[in-house]
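K.L.:
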Amino acid sequence: MHATVTISPTCLTCGKPLRGRTDKKFCDTGCKNEHNNRLQHEEREAIKSIDRILKHNRRVLKQWLGECSTRLVSTKGLLHAGFRFDYHTHQFINRQSDHYVFCYDYGYLSLGDGRCLIVKNGLAQNVRKEN
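Position in the sequence shown counted from 1, then plus 709, gives you this note's numbering.
Shown next as structure tokens:
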């Protein structure tokens with residue numbers, strides 16, 4: 710004689726036996742929310758970390774630009790202020806084919822000689838780089 714073992718489904722969060730539909734995964738809404746929140750926690754933390762860097766980059770550009778419409782600064786100066794060139798929100802290429810990199814509404818144009826031209830959003834279209 711063969712014994713049949715029946716495995717009853719359990720809640721993915723708390724492990725309690727499930728009753729009702731055969732495809733049910735959670736015993737209640739609270740367990741379902743807890744499970745989904747746990748899955749998304751790592752993603753939210755990564756986004757927070759990146760957003761902190763982007764906001765810092767924006768603050769650095771804003772501080773260096775001050776009240777000016779554009780400003781030439783050294784790449785070393787930006788690095789010394791904690792600016793991270795590998796983090797940005799978007800890029801823009803103007804009619805003169807100048808390639809601007811932005812952190813939200815503040816951006817820069819790398820001049821390739823150890824200097825950057827800092828601009829505020831909207832000004833990149835009208836600014837011509839000068840060497």
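All C-beta atoms in this analysis are idealised placements derived from N, C-alpha and C, irrespective of residue type, glycine included.
Y815 and R767 look like a contact to me (Cβ under 8 angstroms); what is the Cβ gap, rounded to whole Å?
P.N.:
Indeed they touch by this definition, with Cβ atoms about 5 angstroms apart.
K.L.:
If you run the structure through DSSP and keep just helix, strand and coil, what is R768?
P.N.:
Of the three classes helix, strand and coil, the one that applies to R768 here is helix, per DSSP.
K.L.:
Can you tell me the Cα-Cα spacing of V769 and L820, whole angstroms?
P.N.:
Between V769 and L820, the C-alpha separation is close to 18 angstroms.
K.L.:
Kindly indicate which three-state DSSP category G816 falls into: helix, strand or coil?
P.N.:
Three-state result, G816: strand.
K.L.:
Rounding to the nearest angstrom, what Cα-Cα distance links K757 and H797 in this structure?
P.N.:
The straight-line gap from Cα to Cα measures roughly 14 angstroms.
K.L.:
Beta-carbon separation of T738 and P718 under 9 angstroms?
P.N.:
Taking 9 angstroms as the Cβ cut-off, T738 and P718 do not qualify as a contacting pair.
K.L.:
Are the Cβ atoms of S778 and C825 separated by less than 9 angstroms?
P.N.:
Not in contact: S778 and C825 (Cβ atoms no closer than 9 angstroms).
K.L.:
By DSSP, does Q805 sit in helix, in strand, or in coil?
P.N.:
In this structure, Q805 counts as coil in the three-state DSSP scheme.
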